[in-house]
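The sequence shown begins at 70 in my numbering and counts up one residue at a time.
All C-beta atoms, glycine included, are put in the ideal place defined by N, C-alpha and C.
If you're wondering where the values come from, they're calculated on a predicted model, not measured in any experiment.
Structure first, commentary second.
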Amino acid sequence: MKRQRLTGYGVATLFAMSLMLAGCGNDEASTDKVEEGSTNSNTTDDTMQDKDTVTKNADTDYGFNSLSIEADVEGDNDAIDISYDRDNDGTEAEYRYKGEQKQGDDAMAELDAKFKNLKIDADTSENEVISEVERVFAIQDASRLEVEIEFSDGTEKEYKK
Numbered sequence: 070m071k072r073q074r075l076t077g078y079g080v081a082t083l084f085a086m087s088l089m090l091a092g093c094g095n096d097e098a099s100t101d102k103v104e105e106g107s108t109n110s111n112t113t114d115d116t117m118q119d120k121d122t123v124t125k126n127a128d129t130d131y132g133f134n135s136l137s138i139e140a141d142v143e144g145d146n147d148a149i150d151i152s153y154d155r156d157n158d159g160t161e162a163e164y165r166y167k168g169e170q171k172q173g174d175d176a177m178a179e180l181d182a183k184f185k186n187l188k189i190d191a192d193t194s195e196n197e198v199i200s201e202v203e204r205v206f207a208i209q210d211a212s213r214l215e216v217e218i219e220f221s222d223g224t225e226k227e228y229k230k
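Structure follows, in C-alpha cells:
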C-alpha cells in the first residue's frame with residue numbers, strides 16, 4: 070500500500086475542519102456573568118452626561134430659561150460666546166470668553182454670579198438689555214453684540230448692537 074503525503078493545502082483544510090467541529094460541538098449556554106452597571110463604550114446612551122450638562126445650580130431661576138450672548142471684540146469674531154439653556158431635559162451651559170473656554174458646572178461657576186446681577190426682564194428695552202449685558206459681562210468696544218433670551222414667562226426676544 071502506498072502512503073499519501075499531506076500537502077500544505079491538505080494540512081490547512083484539516084486544521085480548518087477541526088476548528089469548525091470544535092466550535093459546533095458546544096451546546097451549552099454561555100454563562101458569562103455581566104456585572105451590573107457596566108457599559109459598552111460602543112453604545113450611546115441618552116442618560117450619559119454631556120460635557121456641557123450642569124449639575125450645580127441647575128434649578129436656579131434667573132428670570133430666563135435660555136440666554137445666548139455672542140460678541141465680536143477687537144477684531145476677534147465670536148470672542149465671547151455664552152450659552153445657557155434650562156428645560157425639562159436638564160440644564161446646559163457653555164462659556165467662551167476671549168480664549169477662556171468652560172462647559173457644564175465649570176461654566177456655571179462663572180455664570181451664576183453674573184446671571185444674578187443681570188437686571189432684565191421681558192419688558193426691559195433693547196438699549197437697557199444691551200447696556201446690562203455689557204456691564205455684567207465686562208464687554209467693551211464690541212463691534213457686534215447679539216443677545217437672545219427666552220424669559221421664564223415664555224417670551225423670546227433678540228437684541229442686537
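In the pairwise beta carbon analysis, the region 207-223 is classified as touching the region 139-158: at least three pairs are separated by under 8 angstroms. The Cβ-Cβ distance between Gln-172 and Tyr-166 does not fall below 9 angstroms.
Between Glu-201 and Leu-180, the C-beta gap is not smaller than 9 angstroms, which leaves the two residues out of contact.
If you ignore the 5 residues before and after Glu-195, its C-beta comes within less than 7 angstroms of the C-beta of Tyr-228, all in its own chain and listed in chain order. Between the C-alpha atoms of Asp-192 and Gln-170 there is a straight-line separation of about 31 angstroms.
Comparing alpha carbon positions, the residue from Lys-230, Ala-176 and Ile-151 closest to Glu-139 is Ile-151. A straight-line Cα-Cα distance of about 34 angstroms links Gly-168 and Asp-222. When the alpha-carbon of Val-205 is set against those of Tyr-131, Phe-184, Ala-178 and Thr-224, the nearest one is in Phe-184. When DSSP assignments are scanned along the region 128-158, the uninterrupted stretches of beta strand (DSSP E) that are 3 or more residues long and fall wholly within it turn out to be 133-142 and 145-156.
DSSP places Phe-206 outside both helix and strand once states are collapsed to three, so it counts as coil. Setting aside the 5 residues that flank it on each side, Glu-225 is surrounded in the same chain by Glu-217, Ile-218 and Glu-219, each with a C-beta closer than 8 angstroms to its C-beta; the list follows chain order.
Taking the Cα positions, Ala-148 is about 10 angstroms away from Ile-208.
Cα atoms of Lys-230 and Gly-159: separation of roughly 30 angstroms, rounded to the nearest angstrom.
A straight line joining the alpha-carbon of Ile-189 with that of Ala-182 spans about 14 angstroms.
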